[in-house]
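Every letter in the sequence shown is one number past the one before it in the numbering used here, and letter 167, counting from 1, is 167. Input: a single structure, listed below in C-alpha coordinates.
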Amino acid sequence: MAADYARALARRHPLQRLEAPSRGSSALLHLLGLSSFAYSFAYLILNPDPVSESYGWHLQYLTIIGLSLAAVTFAVGLLADLTMSPRLFAVKNLLSVASAPMECLISMLYWGLRAIDPKLVLPSWQPPLPISVDLSFHAVPALTLVADLLFFSPPYTVAFLPAFGLSSCIAFGYWLWIERCYHYNRFYPYPLFTVLDTTQRIGLFASSALLMALSTAALVWVYHVVNGKEEIALANGHTRAPEERDGDVKGQ
(Lines of atoms letter the chains of each structure in order from A and count residues from 1; the text may use other names and numbers.)
(Lines give C-alpha, C1' and ligand atoms only; values in the text may rest on other atoms or scores of the structure.)
Protein backbone atom coordinates (compact mmCIF):
# COMPACT_ATOMS: atom_id res chain seq x y z
CA MET A 1 0.00 0.00 0.00
CA ALA A 2 2.78 2.43 0.94
CA ALA A 3 4.67 1.58 -2.25
CA ASP A 4 1.56 2.22 -4.36
CA TYR A 5 1.03 5.57 -2.67
CA ALA A 6 4.66 6.53 -3.27
CA ARG A 7 4.34 5.65 -6.96
CA ALA A 8 1.15 7.73 -7.19
CA LEU A 9 2.96 10.74 -5.72
CA ALA A 10 5.81 10.21 -8.15
CA ARG A 11 3.40 10.36 -11.10
CA ARG A 12 1.66 13.50 -9.89
CA HIS A 13 2.89 17.04 -10.47
CA PRO A 14 3.96 18.71 -7.20
CA LEU A 15 1.16 21.27 -7.47
CA GLN A 16 -1.61 18.95 -8.65
CA ARG A 17 -4.11 18.88 -5.80
CA LEU A 18 -5.89 15.54 -6.36
CA GLU A 19 -4.88 12.23 -7.88
CA ALA A 20 -5.37 11.99 -11.65
CA PRO A 21 -5.65 10.02 -13.75
CA SER A 22 -7.76 7.97 -11.37
CA ARG A 23 -10.90 5.85 -11.37
CA GLY A 24 -12.28 7.88 -8.47
CA SER A 25 -13.15 11.57 -8.31
CA SER A 26 -11.37 12.46 -11.55
CA ALA A 27 -13.33 9.87 -13.51
CA LEU A 28 -16.55 11.02 -11.82
CA LEU A 29 -15.98 14.64 -12.86
CA HIS A 30 -15.29 13.61 -16.45
CA LEU A 31 -18.34 11.35 -16.52
CA LEU A 32 -20.60 14.08 -15.15
CA GLY A 33 -19.22 16.58 -17.63
CA LEU A 34 -19.73 14.22 -20.56
CA SER A 35 -23.29 13.55 -19.39
CA SER A 36 -24.04 17.28 -19.49
CA PHE A 37 -22.43 17.64 -22.91
CA ALA A 38 -24.45 14.69 -24.23
CA TYR A 39 -27.61 16.34 -22.88
CA SER A 40 -26.74 19.49 -24.83
CA PHE A 41 -26.15 17.63 -28.10
CA ALA A 42 -29.33 15.61 -27.59
CA TYR A 43 -31.28 18.86 -27.30
CA LEU A 44 -29.93 20.01 -30.67
CA ILE A 45 -30.89 16.75 -32.34
CA LEU A 46 -34.34 16.47 -30.75
CA ASN A 47 -35.23 20.12 -31.38
CA PRO A 48 -34.33 20.87 -35.02
CA ASP A 49 -34.48 24.44 -36.28
CA PRO A 50 -33.42 26.30 -39.47
CA VAL A 51 -29.74 26.03 -38.47
CA SER A 52 -30.06 22.23 -38.31
CA GLU A 53 -30.70 22.12 -42.07
CA SER A 54 -28.19 24.78 -43.08
CA TYR A 55 -24.57 24.53 -44.19
CA GLY A 56 -22.32 23.92 -41.18
CA TRP A 57 -25.12 22.63 -38.94
CA HIS A 58 -24.91 23.97 -35.37
CA LEU A 59 -21.12 24.09 -35.65
CA GLN A 60 -21.71 27.59 -36.99
CA TYR A 61 -22.05 28.55 -33.32
CA LEU A 62 -18.89 29.15 -31.32
CA THR A 63 -20.81 27.65 -28.40
CA ILE A 64 -21.13 24.29 -30.16
CA ILE A 65 -17.52 24.32 -31.37
CA GLY A 66 -16.41 24.93 -27.79
CA LEU A 67 -18.78 22.26 -26.52
CA SER A 68 -17.34 19.77 -29.02
CA LEU A 69 -13.78 20.54 -27.93
CA ALA A 70 -14.81 20.25 -24.28
CA ALA A 71 -16.40 16.85 -25.01
CA VAL A 72 -13.22 15.61 -26.71
CA THR A 73 -11.12 16.88 -23.78
CA PHE A 74 -13.26 15.08 -21.21
CA ALA A 75 -13.57 11.92 -23.32
CA VAL A 76 -9.78 11.68 -23.47
CA GLY A 77 -9.65 12.46 -19.75
CA LEU A 78 -12.11 9.68 -18.93
CA LEU A 79 -10.16 7.21 -21.07
CA ALA A 80 -7.01 8.24 -19.20
CA ASP A 81 -8.80 7.62 -15.90
CA LEU A 82 -10.09 4.20 -16.90
CA THR A 83 -6.80 3.02 -18.40
CA MET A 84 -4.52 4.97 -16.01
CA SER A 85 -2.60 6.09 -19.10
CA PRO A 86 -0.07 8.92 -18.56
CA ARG A 87 -0.02 9.58 -22.31
CA LEU A 88 -3.77 10.09 -22.55
CA PHE A 89 -3.60 12.23 -19.42
CA ALA A 90 -0.98 14.41 -21.12
CA VAL A 91 -3.17 14.69 -24.23
CA LYS A 92 -6.12 15.75 -22.06
CA ASN A 93 -4.00 18.45 -20.43
CA LEU A 94 -2.82 19.67 -23.84
CA LEU A 95 -6.42 19.93 -25.09
CA SER A 96 -7.36 21.77 -21.91
CA VAL A 97 -5.01 24.63 -22.79
CA ALA A 98 -7.40 25.48 -25.64
CA SER A 99 -10.75 24.20 -24.37
CA ALA A 100 -10.84 25.72 -20.86
CA PRO A 101 -9.99 29.34 -21.85
CA MET A 102 -12.28 29.01 -24.88
CA GLU A 103 -15.22 27.96 -22.72
CA CYS A 104 -14.49 30.80 -20.29
CA LEU A 105 -14.57 33.19 -23.27
CA ILE A 106 -17.86 31.72 -24.53
CA SER A 107 -19.48 32.06 -21.11
CA MET A 108 -18.31 35.65 -20.67
CA LEU A 109 -19.41 36.71 -24.16
CA TYR A 110 -22.78 34.96 -24.01
CA TRP A 111 -23.89 36.10 -20.57
CA GLY A 112 -22.39 39.56 -21.04
CA LEU A 113 -24.06 40.19 -24.40
CA ARG A 114 -27.30 38.63 -23.20
CA ALA A 115 -27.33 41.01 -20.24
CA ILE A 116 -26.96 43.94 -22.66
CA ASP A 117 -29.55 42.69 -25.17
CA PRO A 118 -30.65 39.06 -25.66
CA LYS A 119 -31.33 39.82 -29.33
CA LEU A 120 -27.58 40.09 -29.92
CA VAL A 121 -27.07 36.36 -29.32
CA LEU A 122 -30.54 34.81 -29.74
CA PRO A 123 -32.26 34.94 -33.16
CA SER A 124 -35.83 36.26 -33.19
CA TRP A 125 -37.17 32.93 -34.48
CA GLN A 126 -35.57 30.92 -31.67
CA PRO A 127 -37.78 30.20 -28.64
CA PRO A 128 -36.24 30.88 -25.21
CA LEU A 129 -33.97 28.09 -24.03
CA PRO A 130 -35.02 26.19 -20.89
CA ILE A 131 -32.73 27.22 -18.04
CA SER A 132 -31.26 23.72 -17.74
CA VAL A 133 -30.38 23.72 -21.44
CA ASP A 134 -29.03 27.26 -21.32
CA LEU A 135 -26.74 26.37 -18.42
CA SER A 136 -25.61 23.14 -20.08
CA PHE A 137 -24.55 25.11 -23.16
CA HIS A 138 -23.15 28.27 -21.62
CA ALA A 139 -22.04 27.54 -18.04
CA VAL A 140 -21.40 23.87 -17.27
CA PRO A 141 -18.57 23.39 -19.83
CA ALA A 142 -16.57 26.29 -18.39
CA LEU A 143 -17.22 25.26 -14.78
CA THR A 144 -16.26 21.62 -15.29
CA LEU A 145 -13.15 22.40 -17.33
CA VAL A 146 -11.95 24.92 -14.75
CA ALA A 147 -12.61 22.40 -11.95
CA ASP A 148 -10.62 19.79 -13.87
CA LEU A 149 -7.73 22.22 -14.28
CA LEU A 150 -7.66 23.39 -10.66
CA PHE A 151 -7.97 20.02 -8.95
CA PHE A 152 -6.98 17.25 -11.37
CA SER A 153 -4.32 18.75 -13.65
CA PRO A 154 -0.78 20.14 -13.52
CA PRO A 155 -0.44 23.90 -14.03
CA TYR A 156 -0.42 25.44 -17.48
CA THR A 157 3.09 26.21 -18.72
CA VAL A 158 2.03 28.30 -21.72
CA ALA A 159 3.19 31.93 -21.72
CA PHE A 160 0.96 34.85 -22.68
CA LEU A 161 2.25 35.37 -26.22
CA PRO A 162 1.81 31.72 -27.29
CA ALA A 163 -1.62 31.77 -25.64
CA PHE A 164 -2.51 34.90 -27.61
CA GLY A 165 -1.24 33.26 -30.79
CA LEU A 166 -3.46 30.23 -30.17
CA SER A 167 -6.50 32.34 -29.36
CA SER A 168 -5.92 34.49 -32.46
CA CYS A 169 -5.82 31.40 -34.67
CA ILE A 170 -9.08 30.19 -33.12
CA ALA A 171 -10.80 33.59 -33.37
CA PHE A 172 -9.88 34.37 -36.95
CA GLY A 173 -10.30 30.75 -38.02
CA TYR A 174 -13.85 30.98 -36.69
CA TRP A 175 -14.38 34.23 -38.60
CA LEU A 176 -13.35 32.57 -41.87
CA TRP A 177 -15.64 29.63 -41.07
CA ILE A 178 -18.75 31.72 -40.43
CA GLU A 179 -18.10 33.77 -43.57
CA ARG A 180 -18.01 30.53 -45.53
CA CYS A 181 -21.26 29.45 -43.89
CA TYR A 182 -22.78 32.85 -44.71
CA HIS A 183 -21.81 32.38 -48.36
CA TYR A 184 -24.08 29.32 -48.52
CA ASN A 185 -26.77 30.20 -45.96
CA ARG A 186 -27.08 33.97 -46.39
CA PHE A 187 -27.41 34.44 -42.64
CA TYR A 188 -25.08 34.61 -39.66
CA PRO A 189 -25.54 32.33 -36.64
CA TYR A 190 -25.50 35.24 -34.18
CA PRO A 191 -27.59 38.39 -34.82
CA LEU A 192 -24.66 40.46 -33.53
CA PHE A 193 -22.68 39.69 -36.69
CA THR A 194 -25.45 41.21 -38.81
CA VAL A 195 -25.36 44.43 -36.80
CA LEU A 196 -21.58 44.88 -37.24
CA ASP A 197 -19.81 45.82 -40.45
CA THR A 198 -16.60 44.09 -41.58
CA THR A 199 -14.27 46.44 -39.70
CA GLN A 200 -16.29 46.07 -36.52
CA ARG A 201 -16.31 42.29 -36.86
CA ILE A 202 -12.52 42.32 -37.16
CA GLY A 203 -12.41 44.35 -33.95
CA LEU A 204 -14.78 41.91 -32.26
CA PHE A 205 -12.68 38.87 -33.16
CA ALA A 206 -9.41 40.60 -32.23
CA SER A 207 -10.90 41.59 -28.86
CA SER A 208 -12.18 38.05 -28.36
CA ALA A 209 -8.71 36.65 -29.07
CA LEU A 210 -7.23 38.99 -26.47
CA LEU A 211 -9.94 38.11 -23.95
CA MET A 212 -9.30 34.39 -24.43
CA ALA A 213 -5.55 34.91 -23.89
CA LEU A 214 -6.32 36.93 -20.76
CA SER A 215 -8.56 34.07 -19.63
CA THR A 216 -5.57 31.75 -19.95
CA ALA A 217 -3.46 34.11 -17.84
CA ALA A 218 -6.27 34.39 -15.28
CA LEU A 219 -6.55 30.60 -15.05
CA VAL A 220 -2.80 30.37 -14.45
CA TRP A 221 -3.12 32.93 -11.66
CA VAL A 222 -6.15 31.24 -10.06
CA TYR A 223 -4.39 27.87 -10.24
CA HIS A 224 -1.47 29.21 -8.20
CA VAL A 225 -3.83 30.92 -5.74
CA VAL A 226 -5.58 27.58 -5.17
CA ASN A 227 -2.59 25.25 -5.32
CA GLY A 228 0.40 27.44 -4.50
CA LYS A 229 3.64 27.86 -6.40
CA GLU A 230 6.40 25.36 -6.88
CA GLU A 231 9.32 26.89 -4.98
CA ILE A 232 11.42 23.82 -4.36
CA ALA A 233 11.79 20.95 -6.81
CA LEU A 234 13.99 17.94 -6.33
CA ALA A 235 15.92 16.45 -9.21
CA ASN A 236 13.00 14.21 -10.17
CA GLY A 237 10.54 17.12 -9.88
CA HIS A 238 7.92 15.01 -8.11
CA THR A 239 7.90 16.27 -4.53
CA ARG A 240 5.50 18.96 -3.33
CA ALA A 241 7.29 22.03 -2.01
CA PRO A 242 7.17 22.27 1.79
CA GLU A 243 5.15 25.05 3.38
CA GLU A 244 6.99 28.03 4.82
CA ARG A 245 7.14 28.17 8.61
CA ASP A 246 8.08 30.94 10.99
CA GLY A 247 11.10 30.44 13.21
CA ASP A 248 14.81 29.82 12.94
CA VAL A 249 16.66 27.93 10.24
CA LYS A 250 15.76 24.63 11.89
CA GLY A 251 12.07 25.34 11.41
CA GLN A 252 11.38 25.71 15.14
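Glycine residues also receive a C-beta, built at the ideal position from the N, C-alpha and C atoms. As the structure is a prediction and not an experimental result, all values here were calculated from the model.
Worksheet item: In its own chain, which residues sit with a C-beta less than 7 Å from the C-beta of R114, not counting the 5 before and 5 after it?
Response: For the purposes of this step, residue 114 is taken as the residue at position 114 of the sequence shown. Cβ neighbours of R114 beyond the five flanking positions: V121.
Item to complete: Answer yes if the segment 157-168 comes into contact with the segment 203-219, meaning at least three C-beta pairs across the two stretches below 8 Å, and no otherwise.
Response: Verdict: yes, contact present.
Discussion item. If you measure between the beta carbons of G228 and F152, is that distance less than 9 Å?
Written reply: Against the sequence shown, residue 228 aligns to sequence position 228. Against the sequence shown, residue 152 aligns to sequence position 152. Inclusion of G228 and F152 in the CB contact set at 9 Å is not warranted, their separation being larger than that value.
Worksheet item: Out of curiosity, what's the CA-to-CA distance linking Y182 and R201?
Response: Residue numbering aside, residue 182 sits at position 182 when the sequence shown is read from its first letter. Residue numbering aside, residue 201 sits at position 201 when the sequence shown is read from its first letter. Y182 and R201 have their alpha carbons spaced roughly 14 Å apart.
Worksheet item: Among residues of its own chain, excluding the 5 on either side of Q16, which ones have a beta-carbon nearer than 6 Å to its beta-carbon?
Response: Here residue 16 is taken as the residue at index 16 of the sequence shown, counted from 1. So the qualifying residues of the chain are P154.
Discussion item. Nearest by alpha-carbon distance to A218: which of L105, R186, I131 is it?
Written reply: As a working note, residue 218 is residue 218 in the sequence shown. The closest CA to that of A218, considering only L105, R186, I131, is found on L105.
Discussion item. Measuring straight from C-alpha to C-alpha, what distance separates I116 and T144?
Written reply: On the sequence shown, position 116 is the one that residue 116 refers to. On the sequence shown, position 144 is the one that residue 144 refers to. Take the alpha-carbon of I116 and the one of T144: they are about 26 Å apart.
Practice prompt. Would you mind listing the alpha helix (DSSP H) stretches within the segment 166-238 that are 4+ residues and don't spill past its ends, in chain order?
Written response: If we require 4 residues or more, the alpha helix (DSSP H) runs fully inside the segment 166-238 come out as 191-195, 198-227.
Worksheet item: Is N93 helix, strand or coil when you go by DSSP?
Response: Looking up residue 93 in the sequence shown gives position 93. It is helical.
Worksheet item: Which residue comes first and which comes last in the alpha helix (DSSP H) that contains H30?
Response: Along the sequence shown, one-based indexing puts residue 30 at 30. Boundaries of the alpha helix (DSSP H) around H30: 25-46.
Worksheet item: Does the beta-carbon of R12 have 16 or more other beta-carbons within 10 angstroms, so that it is buried, or is it exposed?
Response: What you label residue 12 is simply residue 12 of the sequence shown in a count that begins at 1. The residue in question, R12, is buried, as its Cβ has 16 or more Cβ neighbours within 10 Å.
Fill in: Coil, strand or helix - M84 by DSSP
To locate residue 84, count along the sequence shown from 1; it is residue 84. Coil at M84, not helix or strand.
Worksheet item: Can we say the segment 124-144 touches the segment 18-25, given the rule of at least three CB pairs closer than 8 Å?
Response: Result no; under three Cβ-Cβ pairs closer than 8 Å.
Discussion item. By alpha-carbon positions, which one of L82, I45, V72 ends up nearest to N93?
Written reply: Counting from one through the sequence shown, the residue named residue 93 turns up at place 93. When each option's Cα is compared against that of N93, the closest is V72.
Worksheet entry | Boundaries (first-last residue) of the alpha helix (DSSP H) holding S153 | Here the question's residue 153 lines up with position 153 in the sequence shown. Counting along the chain, S153 falls outside any alpha helix (DSSP H), and DSSP gives it neither H nor E.
Discussion item. Measuring straight from C-alpha to C-alpha, what distance separates E53 and A42?
Written reply: On the sequence shown, residue 53 is found 53 positions in, with the first residue counted as 1. On the sequence shown, residue 42 is found 42 positions in, with the first residue counted as 1. Answer to the nearest angstrom: the Cα atoms are 16 Å apart.
Practice prompt. Find out if the Cβ-Cβ distance for the pair F205, V140 is shorter than 9 Å.
Written response: Stepping through the sequence shown from its first residue, residue 205 is reached at position 205. Stepping through the sequence shown from its first residue, residue 140 is reached at position 140. Against a cut-off of 9 Å, the Cβ pair of V140 and F205 comes out as no contact.
Discussion item. Are the CB atoms of A98 and L69 within a distance shorter than 9 Å?
Written reply: Start at 1 with the first residue of the sequence shown, and residue 69 comes out as number 69. Start at 1 with the first residue of the sequence shown, and residue 98 comes out as number 98. Yes, they are a contact pair.
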